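A.B. asks:
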Amino acid sequence: MELLQQGSKPAFNEIYARYSKRLLYFMFRLLNGDESLAQDKLHDVFLKLIERPDRFDSTRQFKSWIYKVASNECNKHYRGTTGLSYETLENVEDSVDPTIYQYLENTSFKRALTLHLKELSYEHKCTFVLRFQEGLSVKEISTIMDCPEGTVKSRIHHSTRILSNKLKEYNPINTL
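Residue 247 in my numbering sits at position 162 of the sequence shown; the count goes up by one each step and never skips.
1) Anyone know if the C-beta pair for LEU248 and PHE194 falls short of 9 Å?
2) So the candidates are LEU109, ASP129 and VAL130; which of them puts its Cα closest to the Cα of GLU120?
3) Do THR228 and GLN124 come within 9 Å of each other at the CB atom, strictly closer than that value?
4) Evaluate GLU158 with the Cβ neighbour count: other Cβ atoms within 10 Å of its Cβ, from every protein chain shown; 16 or more gives buried, anything less gives exposed.
5) Out of THR144, LEU215, GLU225 and PHE97, which one is the CA nearest neighbour of SER244?
6) Can you tell me whether THR173 is buried or exposed, with buried defined as 16 or more other CB within 10 angstroms of its CB?
7) Ends of the alpha helix (DSSP H) at ASN250?
8) Can you give me the C-alpha to C-alpha distance between PHE113 and GLN91, rounded to a whole angstrom?
9) Who are the Cβ neighbours of LYS133 in its own chain at under 7 Å, not counting the five residues just before and after it?
10) Using only the alpha-carbon positions, how far apart do GLU99 and VAL130 sit?
11) Excluding the 5 residues flanking SER105 on each side, which residues of the same chain have their C-beta closer than 8 Å to its C-beta?
Below you can see the structure in the form of structure tokens.
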């Protein structure tokens with residue numbers, strides 16, 4: 086990041102190569118499968134990185150910081166939008182870039198999970214995606230979401246409880 090702050094193009098290329106696919110997938114999930122919107126928001130994240138590299142707080146981990154910027158971009162979309170139109174995964178499949186599609190296999194469970202994730206509040210959905218799909222720690226999520234670790238744990242518990250109730254038909258224990 087220090088090299089980027091000095092205007093190094095190779096440093097930007099390295100950061101883009103390292104984070105763009107994961108951030109796109111993260112934003113794709115938060116924006117309910119709207120690939121075009123996720124790509125626009127990803128563009129905004131990297132544009133901010135180029136225009137204002139001085140905004141990076143060197144006391145924080147870069148990964149947590151860039152996920153925070155991405156999360157804020159998605160959150161801005163929700164704050165500024167009324168009457169959101171949610172596309173179903175079926176409508177998105179044809180337009181999904183192959184790099185995204187590899188994460189979204191055509192399974193009934195993943196379709197149901199995607200559908201029910203849309204029903205969660207933005208904070209709960211973001212916490213769930215960061216924890217279980219991005220594999221971040223509670224501490225990292227706490228930094229990204231700007232809330233105490235206890236709140237993160239509560240959101241994880243709340244979202245997993247809701248999702249497990251809605252997805253219980255997929256629980257193999259229930260079929261015995």
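The beta carbon of each residue, even a glycine, is placed where N, CA and C say it ideally should be. Treat the numbers as computed from the prediction; the structure is a model and nothing was measured.
C.D. replies: From the atom records:
1) Within the sequence shown, the letter at position 163 stands for residue 248. Within the sequence shown, the letter at position 109 stands for residue 194. Against a cut-off of 9 Å, the Cβ pair of PHE194 and LEU248 comes out as no contact.
2) The sequence position of residue 120 within the sequence shown is 35, counting from 1. Out of LEU109, ASP129 and VAL130, LEU109 has the C-alpha closest to the C-alpha of GLU120.
3) In the sequence shown, counting from the first residue as 1, residue 124 sits at position 39. In the sequence shown, counting from the first residue as 1, residue 228 sits at position 143. It is not a contact, given that the beta carbons lie outside the stated cut-off.
4) As a working mapping, residue 158 is identified with position 73 in the sequence shown. Under this definition GLU158 is a buried residue.
5) Translated into the one-based positions of the sequence shown, residue 244 becomes position 159. Minimum Cα distance to SER244 is reached at LEU215.
6) Here residue 173 corresponds to residue number 88 of the sequence shown, with the count starting at 1. Note that THR173 scores 37 on pLDDT, short of 50, meaning its location in the model is unreliable; the coordinates nonetheless yield the value given after this. Its Cβ having fewer than 16 others within 10 Å, THR173 is exposed.
7) As a position in the sequence shown, residue 250 is number 165, starting the count at 1. That run of the alpha helix (DSSP H) goes 234 to 251.
8) Within the sequence shown, residue 113 is the residue found at index 28, counting from 1. Within the sequence shown, residue 91 is the residue found at index 6, counting from 1. Straight-line Cα distance between these residues: approximately 31 Å.
9) In the sequence shown, the residue the question calls residue 133 occupies position 48. Closer than 7 Å at the Cβ level, and outside the excluded window around LYS133, lie VAL154.
10) Here residue 99 refers to the residue found at position 14 when the sequence shown is read from its first residue. Here residue 130 refers to the residue found at position 45 when the sequence shown is read from its first residue. If I take the Cα positions, the gap works out to 15 Å.
11) Taking the first residue of the sequence shown as position 1, residue 105 is located at position 20. Closer than 8 Å at the Cβ level, and outside the excluded window around SER105, lie LEU127 and PHE131.
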